[in-house]
Amino acid sequence: MASGWGITGNKGRCYDFWTDFSECMSSCREPKDCALLREDYLECLHHAKEV
1 MASGWGITGN
11 KGRCYDFWTD
21 FSECMSSCRE
31 PKDCALLRED
41 YLECLHHAKE
51 V
């Protein structure tokens, strides 16, 4: 995940969500401050909210 390269050789579909979440975790005071970004990233990975 850290490289950003997907299986087709392009940027992975969730890489932008990962970078946003990672940057937030690097600069936040408490992990709960990044809960919404974490939720977006996990939704991108697993499509749990998809109907």
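51 is the number that my numbering gives the last residue of the sequence shown; the numbers go up by one with no jumps. C-beta atoms are modelled at their ideal positions from N, C-alpha and C, and glycine is treated no differently.
In chain order, what residues of the same chain have a beta carbon less than 7 Å from the beta carbon of C28, not counting five sequence neighbours either side?
If we look at C28 and ignore the five residues flanking it on each side, its Cβ neighbours are C34.
Member of K32, E30 and W18 whose CA lies at the smallest distance from the CA of L42
Of K32, E30 and W18, the residue nearest in Cα terms is W18.
Does the Cβ of M1 have 16 or more other Cβ atoms within 10 Å, making it buried, or fewer, making it exposed?
Because the pLDDT of M1 is 48, which lies under 50, any placement of that residue in the model is unreliable, and the number read from its coordinates should be weighed accordingly. Classification of M1: exposed, given that the 10 Å Cβ count is below 16.
In whole angstroms, what separates the C-alpha of S22 from that of D16?
10 Å
Go ahead and pull the three-state DSSP assignment for K32.
K32: helix per DSSP, three-state reduction.
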